[in-house]
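Here is the structure we will look at, set down as structure tokens.
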Amino acid sequence: MLIDNTVIYEDRYLIEINRPGNPFFYYFDWDERSYTINMEFQHFHQFYEMCIFLDEHAGHLINGAWHDLRCCDIVAIRPSLLHKTAYPEGAPNKRLIINFAIPPLPASLESCMKSIYSIFDGEVPIYRFEGRYKKAVFEKLNDIYYLSQTPNELSNLAIHHKFTEFLSLIYLYRDRNVYTDQVDFDNITNKIYSITSYIHNRYTEDLSLAFLAKEFYVSSYYLSHQFKRVTGFTLTDYISMTRVRNAQTLLVSTELSITDIALQSGFKSFSQFNRAFNKFLQMSPSRFRREGGK
Numbered sequence: 264m265l266i267d268n269t270v271i272y273e274d275r276y277l278i279e280i281n282r283p284g285n286p287f288f289y290y291f292d293w294d295e296r297s298y299t300i301n302m303e304f305q306h307f308h309q310f311y312e313m314c315i316f317l318d319e320h321a322g323h324l325i326n327g328a329w330h331d332l333r334c335c336d337i338v339a340i341r342p343s344l345l346h347k348t349a350y351p352e353g354a355p356n357k358r359l360i361i362n363f364a365i366p367p368l369p370a371s372l373e374s375c376m377k378s379i380y381s382i383f384d385g386e387v388p389i390y391r392f393e394g395r396y397k398k399a400v401f402e403k404l405n406d407i408y409y410l411s412q413t414p415n416e417l418s419n420l421a422i423h424h425k426f427t428e429f430l431s432l433i434y435l436y437r438d439r440n441v442y443t444d445q446v447d448f449d450n451i452t453n454k455i456y457s458i459t460s461y462i463h464n465r466y467t468e469d470l471s472l473a474f475l476a477k478e479f480y481v482s483s484y485y486l487s488h489q490f491k492r493v494t495g496f497t498l499t500d501y502i503s504m505t506r507v508r509n510a511q512t513l514l515v516s517t518e519l520s521i522t523d524i525a526l527q528s529g530f531k532s533f534s535q536f537n538r539a540f541n542k543f544l545q546m547s548p549s550r551f552r553r554e555g556g557k
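Numbered according to our numbering, the sequence shown terminates at residue 557, and the numbering increases by one at each position without gaps.
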């Protein structure tokens, strides 16, 4: 099937090269997702991910900020970035998820990869191309699909080569990115997403319902009820969960003590952190670290 006369799609088609944790791996997953399996809260990975939406519309939350997706939008997600796709009610939506890790290259090439990886670092790392730029970018993904159809001893290398070309074109065409948010929420829903974004950017600070209500010019009572309606969480739980998620990234990516991680994540004490961690993840921070974040 050809989506938007541009992208090859085959339902439940997978390409796997090695496994996550290997310094070199790829995972391509063409599949459908529906509203009924929307994630409860934003999550993170220790590897890079690209979400390529292949249907009419959906939403994507990045660090609490809502972004509108249209067909063929490319979301570039760096390791440890909190995110989730929010699929609309109705029929399942097609998408392609790509997880990958590429080992360091020789010094003469590493500066090139550093430039390419910068596509993941934008404030809104979403790319939408048109015309020949769109065709050129997605042609590389179609090549990967065709290469996987007739595997041989060079398939992995060829797929890797095409994927680095895909990333390179996004970088080279970055000034041709025409992505714009087309959010059509009511005023209070827009305000709630402004507050969730604020929380993700200021979670280490002393946040409270009274403080945020004053900061965003809304009554505490109204904010409390509307926040739960929009996010599914109480404001207090949302703040705690944001802190826990960020603590999780530090537990698996640093050797900081758990007490230091608790304080750096916005908790006032280790005991407060431990209670919140157990509440949301049903395990202790030390066990999470010991099991490598699994």
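Even glycine gets a Cβ: it sits at the ideal position worked out from N, Cα and C.
Under the Cβ criterion (8 Å, minimum of three pairs), the stretch 368-383 does not count as touching the stretch 480-490. Taking 8 Å as the cut-off, the Cβ atoms of Thr459 and Ser528 do not count as close. Beta-bridge partners of Met313 (DSSP): Ala339 and Ile361. For Ile521, the uninterrupted alpha helix (DSSP H) run begins and ends at Ile521 to Gln527, by DSSP. With respect to the 8 Å criterion, Asp331 and Asp444 are classified as neighbours on the basis of their beta carbons. Under DSSP, the beta-bridge partners assigned to His323 are His330 and Thr348.
With distances taken between CA atoms, Ser457 lies nearest to Phe490 out of Phe426, Leu432, Phe490 and Phe429. A contact is defined here as three or more CB-CB pairs under 8 Å, and the stretch 282-291 fails this definition with respect to the stretch 383-399. A contact between stretches requires three or more CB pairs, one per stretch, nearer than 8 Å, and the stretch 403-422 fails this requirement with the stretch 433-452. Partner residues in the beta bridge of Tyr289, as assigned by DSSP, are Ile280 and Phe363. Taken in chain order, the whole alpha helix (DSSP H) runs of length 4 or more contained in the stretch 474-502 are 483-494. A distance below 8 Å separates the beta carbons of Leu317 and Arg358. For Asp294, DSSP records a beta bridge to Arg358. Annotation: Phe429 to Ser532 spans about 45 Å, alpha carbon to alpha carbon. Here His423 carries a helix assignment [DSSP, helix/strand/coil]. Bridge partners of Ile389 according to DSSP: Val338.
In the three-state reduction of the DSSP assignment, His463 falls in the helix class. In the DSSP assignment, Lys397 falls within the unbroken alpha helix (DSSP H) covering Gly394 to Gln412. Under the three-state reduction of DSSP output, Leu265 falls in the strand class.
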